[in-house]
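Student: Numbering (the working numbering), first residue to last: 27 to 74. Note that the Cβ used here is the ideal one computed from N, Cα and C, for glycine as well.
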């Protein structure tokens, strides 16, 4: 989901990624970086 007012995107990992011990690293260093590069108004990407 996306909170336009706060600039926060919430994502949910599925399958094997849901229980992966390094999913936080993947989220911050890959997913968040790519999203913020394309959408500069995004301030944070969180896992729910």
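Which same chain residues, not among the five before or five after residue 47, have their C-beta less than 7 angstroms away from its C-beta?
Tutor: For the purposes of this step, residue 47 is taken as residue 21 along the chain shown, with counting starting at 1. Cβ within range, chain order: n/a, list empty.
Student: Need the endpoints of the beta strand (DSSP E) that residue 30 sits in, please.
Tutor: For the purposes of this step, residue 30 is identified with residue 4 of the chain shown, where counting begins at 1. Neither: residue 30 is in no beta strand (DSSP E) and is coded neither H nor E.
Student: If you draw a straight line from the C-alpha of residue 63 to the C-alpha of residue 33, how long is it?
Tutor: In the chain shown, residue 63 corresponds to position 37, counting from 1. In the chain shown, residue 33 corresponds to position 7, counting from 1. Straight-line Cα distance between these residues: approximately 14 angstroms.
Student: With 16 as the cutoff for other CB atoms within 10 Å, does residue 58 come out buried or exposed?
Tutor: Residue 58 sits at position 32 when you count from the first residue of the chain shown. So residue 58 ends up on the buried side.
Student: Taking Cβ positions, are residue 53 and residue 73 nearer each other than 8 angstroms?
Tutor: Reading the chain shown from its first residue, position 27 is the one you call residue 53. Reading the chain shown from its first residue, position 47 is the one you call residue 73. Yes. Within cutoff.
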